Amino acid sequence: RKEVEQDPGPFNVPEGATVAFNCTYSNSASQSFFWYRQDCRKEPKLLMSVYSSGNEDGRFTAQLNRASQYISLLIRDSKLSDSATYLCVVRSGNQFYFGTGTSLTVIP
Amino acid sequence: DTAVSQTPKYLVTQMGNDKSIKCEQNLGHDTMYWYKQDSKKFLKIMFSYNNKELIINETVPNRFSPKSPDKAHLNLHINSLELGDSAVYFCASSYWDGSLNTEAFFGQGTRLTVV
């Protein structure tokens, strides 16, 4: 079983739409949680950390459910520039586990 | 003042050759990693070094060897390259003291093509 499971998509949504990504993780002792963004032919970059109480950064909202071992990312009012692959990342000790990524294309 | 830098960015080489990829971080992090991203885009951990000690070594072929001259550098050496080694290799770094967990910062990647 993979450490982190994500729906690979692809998600194709019109500009202005709201889109949600989900992932689950297997290690209940995991300590930190993140969403990364990876553009084509670029390195992954941190989009936002995910806190137990949920957190928001502009149009992006991340939530964590430790009991269900479930992480989500909500993007509101999608922009063309949001098109990328979104990676769910879980840290357990000194190791980072990546999901396979969810591909998002925002269509004009 | 790039935080994590790796060289070269592109590497095209023939089967059977030996090559190295260099990585340096100026973030003062104590842990560095090498990841392989294949054509399916999955990021797989290969190695990590914490304070010059190898702490994780996933099941990669022993043709791959990490070398860390100091905690700011983690180079990847690959012997007898094979076609299946073609991928993008990312270096990353992070800090960990058991309680304060920072995110991982990535280099720009090295696109290795074995012909």
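One line per chain: the protein sequences are S and W, in this order. If you use our numbering, the first sequence corresponds to residues 30 to 137, in order. If you use our numbering, the second sequence corresponds to residues 21 to 135, in order. The C-beta atom is built at its ideal place from N, Cα and C for all residues, glycine as well. Quantities reported herein were computed from a predicted structural model and do not represent experimental measurements.
| Query | Result |
| --- | --- |
| Chain W contact residues for S/Gln124, given Cβ-Cβ distances below 9 Å | Tyr53, Ile65, Ser68, Ile75, Ile76 |
| Where W/Asp105 falls, given that 16 or more other Cβ within 10 Å makes a residue buried | buried |
| Residues, ordered as in the chain, of the region 37-49 of chain W that lie near chain S by beta-carbon distance below 7 Å | none |
| Cβ-heavy atom distance, S/Thr129 to the ligand FAD, below 8 Å | What this structure holds is no ligand at all, so the ligand FAD is not there to describe. |
| Own chain partners of S/Arg88 with C-beta closer than 7 Å, once the 5 adjacent residues on each side are dropped | Ile104, Arg105, Asp106 |
| S/Ala96: first and last residue of the uninterrupted beta strand (DSSP E) it sits in | It is not in any beta strand (DSSP E) - S/Ala96 carries neither H nor E in the DSSP assignment. |
| Span of the beta strand (DSSP E), counted from its first residue to its last, around S/Asn51 | 48-54 |
| Start-to-end residues for the beta strand (DSSP E) that takes in W/Ser63 | Reading off the sequence shown, one finds Leu at residue 63 of chain W, where the question assumed Ser. Note, W/Leu63: beta strand (DSSP E), 63-70. |
| Proximity test, Cβ basis, 9 Å: W/Lys56 and chain S | no |
| For W/Gln128 and W/Val134, the rounded distance between their alpha carbons | 19 Å |
| Interface residues of chain S facing W/Ala124 [CB-CB closer than 9 Å] | Phe63, Tyr65, Pro73, Leu75, Val118, Arg120, Phe125 |
| Pick from S/Lys74, S/Ala113, S/Phe63 that is closest to S/Thr90, judged by C-alpha positions | S/Phe63 |
| Cutoff 6 Å; reference S/Val118; Cβ partners in own chain excluding five residues on either side | Phe63, Tyr65, Phe125, Phe127 |
| Opposing strand residues paired with W/Ser25 [DSSP bridges] | W/Glu44 |
| CB contact check: W/Phe84 to chain S, cutoff 9 Å | no |
| W/Lys42 versus S/Leu109: straight-line alpha-carbon distance, rounded | 35 Å |
| Test: W/Ser59 CB closer than 9 Å to a CB of chain S | no |
| Simplified DSSP state of W/Leu101, which is helix, strand or coil | coil |
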